[in-house]
Amino acid sequence: MSVLTIKDVTKLFPGGTKAVDSFSLEVADGELVCLLGPSGSGKSTLLRMVGGFEQPTSGLITIDGQDITHMPPEKRPTGMVFQSHALWTHMDVFKNLAFGLKLRRLPADEIKRRVEAVLELVGLGGYGSRRVTQLSGGQQQRVALARSLVLEPKILLLDEPFASLDQHLRERLREEVRDIQQRVGITTLFVTHGQDEALSMADRIVVMRDGRTEQIDRPDVVYRDPQTPFVAGFIGTMNLIEGTVSNGTFTRASFSHPLAVADGPATLAIRPEALDLVAAEPGAAKVHRVTDYGTHGLLDLNLPDGTRVKAMVDHPGQFKNGQGVNLAPRAVAAYRDNKQIFRSEA
Ligand SMILES: Nc1ncnc2c1ncn2[C@@H]1O[C@H](COP(=O)(O)OP(=O)(O)OP(=O)(O)O)[C@@H](O)[C@H]1O
Ligand SMILES: [Mg+2]
């Protein structure tokens, strides 16, 4: 059992930057939670406070009920993997992994057994005698992960561990890490600003903005039911159309859609895949660009006032630049004052 609890944690840096603002989260035993947010939203600062590399200004951090808020990093039952892995290049892989165990004065045969087991786990069995510099970027990142895991931490902390790798390798490694994390059953906090990474790896996603939580939910819920326009715009592609509601109808330029909310301003959110198009002249919108991705097409549309709208279509060949279309959303959400006020399912 390893449960991480973060309660009302705030970090104020000298100079006045509030990097983390009254943040609370509980990560359940064996759970992988992703901190997802734009650059500067406080993800690394939060992770570093859990790892002990940064001190909270206020708040409480516990692991299995034990207060670790001000415990030095080397005393904590946490293992951290950074974006730049900082392996010791003058040592071979085995020595990199054995280092922390030697500090703990484990017997040599126990060290050997644990290092070999963890190398097996990360798919680097037999690589113990390789120099770190003789490994690829992906292999080095796996050694960095192994170096954390070999100490058998209760909580694994990963800060953008794949950021320096190319897209293809990144996708493969995140599957591997997810696999390893589930096999070991280790409670994990994972920082990323890549939404694909968060959506494909996490049990739950925390969407962060300005040091605070915008939404905490399962990936499918964050995608399907974003609670704020920020989350709606941040996860996946979303049309966010500012307009006005009057007598049950939302209007922006020549586009209108029934919306059963009180009169006033509103932001309408429509996924490109939930927007049907009907050819019509002159039409509410004009086709600006057609992109054919083979499996589907993406259309960029313009409302007469210049508002851009994206729609996904099965047969892009049916559309031409300059053509008029009417927009028929199958599902929408609406926001006002930063809160969701309406949602319909497709
Ligand atoms: N040591 C520091 N001193 C002062 N301000 C800092 C320090 N470290 C971070 N900050 C500030 O705190 C805020 C949050 O930074 P943080 O590194 O946690 O963001 P992040 O979400 O990890 O961003 P990124 O995705 O770019 O890594 C930023 O405004 C940053 O400039
Ligand atoms: Mg960061």
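In full-length UniProt numbering, the protein residues as written are 1 to 346. The beta-carbon is built from N, C-alpha and C at its ideal position, and this holds for glycine as well.
Exercise for the section: Using 7 Å as the cut-off, classify the Cβ of serine 164 as near or not near the heavy atoms of ligand 2, replying yes or no. Expected result: Taking 7 Å as the cut-off, the C-beta of serine 164 does not count as close to any heavy atom of ligand 2.
Handout entry: Given 8 Å, three or more beta-carbon pairs between the stretch 185-202 and the stretch 44-64
Key = Below 8 Å, enough C-beta pairs join the stretch 185-202 and the stretch 44-64 to call them touching: three or more.
Handout entry: Closest by C-alpha distance to valine 118, when choosing among Val143, Thr10 and Ser256
Key = When each option's Cα is compared against that of valine 118, the closest is Val143.
Problem - Nearest-angstrom beta carbon gap, leucine 151 and glycine 52 [assumed within contact, 8 Å] - result: The pair is not a contact, with the Cβ atoms about 14 Å apart (cut-off 8 Å).
Handout entry: Heavy atom of ligand 1 within 7 Å of phenylalanine 82 beta-carbon
Key = The beta carbon of phenylalanine 82 sits no closer than 7 Å to any heavy atom of ligand 1.
Exercise for the section: Assign methionine 208 to one of three DSSP states: helix, strand, or coil. Expected result: Methionine 208 falls in the strand class under three-state DSSP.
Handout entry: Which of helix, strand or coil DSSP assigns to isoleucine 201
Key = Per the sequence shown, the amino acid found at residue 201 is methionine instead of isoleucine. Three-state DSSP puts methionine 201 in a helix.
Exercise for the section: Grab me the residues of leucine 259's own chain with a C-beta within less than 8 Å of its C-beta, minus the 5 sequence neighbours each way, in chain order. Expected result: Correct list, in chain order: Val245, Gly248, Thr249, Phe250, Ala266, Leu268, Val332, Ala334 and Phe342.
Exercise for the section: To the nearest angstrom, report how far apart threonine 69 and methionine 49 are at their CA atoms. Expected result: A direct Cα-Cα distance of roughly 8 Å separates threonine 69 from methionine 49.
Practice task
Would you list the residues sitting across from serine 44 in a DSSP beta bridge?
Solution key: Per DSSP, none; premise fails for serine 44.
Exercise for the section: Would you list, in sequence order, the uninterrupted beta strand (DSSP E) runs of no fewer than 3 residues that lie entirely inside the stretch 73-127? Expected result: Entirely contained in the stretch 73-127, the beta strand (DSSP E) runs reaching 3 residues are, in chain order, 78-81.
Handout entry: Where leucine 145 falls: helix, strand or coil (DSSP)
Key = In the structure shown, leucine 145 sits in a helix (DSSP, three-state: H, G or I).
Practice task
Run the proximity test for glutamate 160: is its beta-carbon closer than 7 Å to any non-hydrogen atom belonging to ligand 2?
Solution key: Relative to ligand 2, the nearest heavy atom lies less than 7 Å away from the CB of glutamate 160.
Practice task
Please confirm whether any heavy atom of ligand 1 lies closer than 7 Å to the CB of alanine 284.
Solution key: Every heavy atom of ligand 1 is 7 Å or more from the Cβ of alanine 284, so no.
Exercise for the section: Taking only heavy atoms of ligand 2 into account, decide whether any of them is closer than 7 Å to the Cβ of valine 191. Expected result: For valine 191, the Cβ falls inside the 7 Å cut-off from some heavy atom of ligand 2.
Problem - Nearest-angstrom Cα separation, counted from glycine 128 out to glutamine 141 - result: Cα-Cα distance, rounded: 15 Å.
Exercise for the section: Specify, as a first and last residue, the run of the beta strand (DSSP E) that arginine 343 falls within. Expected result: Run containing arginine 343: 339-343, per the beta strand (DSSP E) assignment.
Handout entry: Enclosing beta strand (DSSP E) for residue 348 [first to last residue]
Key = Within the shown structure, residues of the chain are numbered from 1 to 346, placing residue 348 beyond reach of any answer.
Exercise for the section: With a cut-off of 5 Å, give the chain-ordered residues whose Cβ is closer than this to any heavy atom of ligand 1. Expected result: Qualifying residues come out as Phe13, Thr17, Ala19, Ser39, Gly40, Ser41, Gly42, Lys43, Ser44, Thr45 and His193.
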